[in-house]
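Here my numbering runs 342 ahead of the position in the sequence shown, where the first position is 1. C-beta atoms are modelled at their ideal positions from N, C-alpha and C, and glycine is treated no differently.
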Amino acid sequence: VDYIVTHCASSAIQAIIKPARERDLLTDFLSELESVEYEKWFFGHYHVDRDIDGKHIALFDRIWKGVSE
Numbered sequence: 343v344d345y346i347v348t349h350c351a352s353s354a355i356q357a358i359i360k361p362a363r364e365r366d367l368l369t370d371f372l373s374e375l376e377s378v379e380y381e382k383w384f385f386g387h388y389h390v391d392r393d394i395d396g397k398h399i400a401l402f403d404r405i406w407k408g409v410s411e
């Protein structure tokens, strides 16, 4: 898979962005997708523009232009 695009992030990534936010059934389910081989995972629920680790990218106002960014 090239890209995963979801509203929320997995529980582990959510804990990095919003440590006080509790995990739930959806973010736990999304954690299961971490076993999929993918290039990038985009999500926007947290209203921040942040490159978490080069693979997980939170988008809000920013437009992602690709690997040269």
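What three-state label does DSSP hand F322 in the structure shown? This structure cannot speak to residue 322, because the chain is shown only from 343 to 411.
Give me the residue from F402, C350, Y388 with the minimum Cα distance to S373. C350
Which residue comes first and which comes last in the beta strand (DSSP E) that contains I355? Element bounds for I355: not the beta strand (DSSP E) but the alpha helix (DSSP H), 353-359.
Rounded to whole angstroms, what's the CA-CA distance from W383 to D391? Just pull it up for me. Here the alpha carbons of D391 and W383 stand approximately 13 Å from one another.
I'd like to check one pair, V347 with Y380: are the Cβ atoms closer than 8 Å? For Y380 and V347, no; Cβs fall outside 8 Å.
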